[in-house]
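Notes follow the structure.
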Amino acid sequence: MRDVLLVSTVFLACAVEAVEALTIVLAVGVSRGWRSALQGVAAGLAALAVIVAALGPALTLVPIDALRLFVGGLLLIFGLGWLRKSILRASGFKTLHDEEAIYVRELAAVRAVERRGRAVVGDWYAFTLSFKGVLLEGLEVAFIVVTFGSNQGSIPLATLGAAAAVLVVTAAGVAVRGPLARVPENTMKFAVGVLLTSFGTFWAAEGAGVEWPGNDAALLGVLGVVTATALVMTVALRRLRAYDGPLPPESGQPVRLHP
Amino acid sequence: MNGAVRWIRAFGTFWWDFIVGDDWRVAAGVVAAIAVTAALAHANRTAWWFLPLAVLALLTFSLLSSVRGARRS
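So this is what it looks like as structure tokens:
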């Protein structure tokens, strides 16, 4: 059961971030050429692999209670952030993430910059933009892979979930030949938020010395309570938003490279 | 020197944004709630109920605070 939840959480979190990274890389590749853009992607993925490879074994040396306290606290902070944003977006208090609009804005912005090469990279700007897009979008996923994996004793399983998400999103991007605007990003963020918050609560409490009634089965109880509360909050805030009227249309913000 | 200070500041800001995020009160609340849970558990009190309750309270507080901000603007 825990393994299924582990892979699902990592897969969903990674898929959301991969969709956002894909938008950036597509805009860079289409407007400035694919060679430097793909070099940036490769460098970003290599940096993430190094982080997972270095942090993963290091975390297994930490005593399990201290690890659960630290990992639980970190996942709770991440999870509450994801959940908060997805509820605000679902209820209309924050504009939904529009991959199509971000793609168009990014395309216009990167076309304006002059092309300059450095070492083996033909277009340094395209390289760094792709590199930063992949690294920054992937950093949180790398932390989730390492923390979830080390706590469950299965970093390879967590890595598998992340790799599967990258493959699925890349394949979809190649098939669509454009940003994945139809992916239900906010629903996926909501699910990840619920899962991270539930696991974070469960592990942080265990690390603090709590004995859960029903042991592992309590995780399902926490998951149910967090899901129900988040859904109730979404419905309540949606009604409040309907009472206030719709949000003004989104202005031309620069593309964000971090959630 | 200026370059080094700028780099350290940028590095610190990045990690603050990455870990703490938009609402520092949530991060502070999580740390405080875990500390109270640990204190209850080590005093041999029933402690399992506290953290879920605190987490839901933090989520509600953070959401309402964002909504208040959005309604004012």
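Just so you know, the sequences run in chain order L and E. For the first sequence, our numbering begins at -5 and goes up steadily by one. For the second sequence, our numbering begins at 3 and goes up steadily by one. All C-beta atoms, glycine included, are put in the ideal place defined by N, C-alpha and C.
- The beta-carbon of A212(L) is placed less than 9 Å from the nearest beta-carbon of chain E.
- Secondary structure remark: continuous alpha helix (DSSP H) runs of at least 4 residues inside the region 40 to 106 of chain L, in chain order: 58 to 85 and 93 to 105.
- Proximity of V57(E) to chain L, defined by a Cβ-Cβ separation below 9 Å, is satisfied.
- In the DSSP annotation of this structure, the continuous segment of the alpha helix (DSSP H) that includes R27(E) starts and ends at W26 to H44.
- Listed in chain order, the positions of the region 123 to 148 of chain L with a beta carbon within less than 8 Å of a beta carbon of chain E are L133 and E134.
- DSSP, read as helix, strand or coil, puts R11(E) in helix.
- Spatial neighbours of V177(L) in its own chain (CB-CB distance under 6 Å, excluding positions within 5 residues in sequence) are listed in chain order as V13.
- For V115(L), the secondary structure class from DSSP, reduced to helix, strand or coil, is strand.
- By the CB criterion at 9 Å, S85(L) and R232(L) fall inside the cutoff.
- Chain-order list of chain E residues neighbouring I18(L): empty, with the shortest C-beta distance near 18 Å, by a criterion of under 9 Å.
- Taking all protein chains shown into account, V135(L) has 16 or more neighbouring C-beta atoms within 10 Å of its C-beta and is therefore buried.
- Counting along the chain, the unbroken alpha helix (DSSP H) around R233(L) starts and ends at A212 to D238.
- For T15(E), no CB of chain L lies under 9 Å from its own CB, so it is not counted at the interface with that chain.
- In this structure, the straight-line span from the alpha carbon of W28(L) to that of A236(L) is close to 44 Å.
- In the three-state scheme derived from DSSP, where H, G and I count as helix and E and B as strand, T48(E) is classed as coil.
- For I81(L), the nearest beta carbon of chain E is closer than 9 Å to its own beta carbon.
- Within the region 117 to 192 of chain L, the complete alpha helix (DSSP H) segments at least 4 residues long are 118 to 146 and 149 to 170, listed from N- to C-terminus.
- For the C-beta of A72(E), the chain L residues within less than 7 Å are, from N- to C-terminus, F87.
- G66(L) has its alpha-carbon roughly 14 Å from the corresponding atom of A56(E).
- In the three-state reduction of the DSSP assignment, W17(E) falls in the helix class.
- The beta-carbon distance between L65(E) and R78(L), rounded to whole angstroms, is 6 Å. This is short enough to meet the 8 Å contact definition.
- When secondary structure is reduced to three states using DSSP, P54(E) falls in the helix class.
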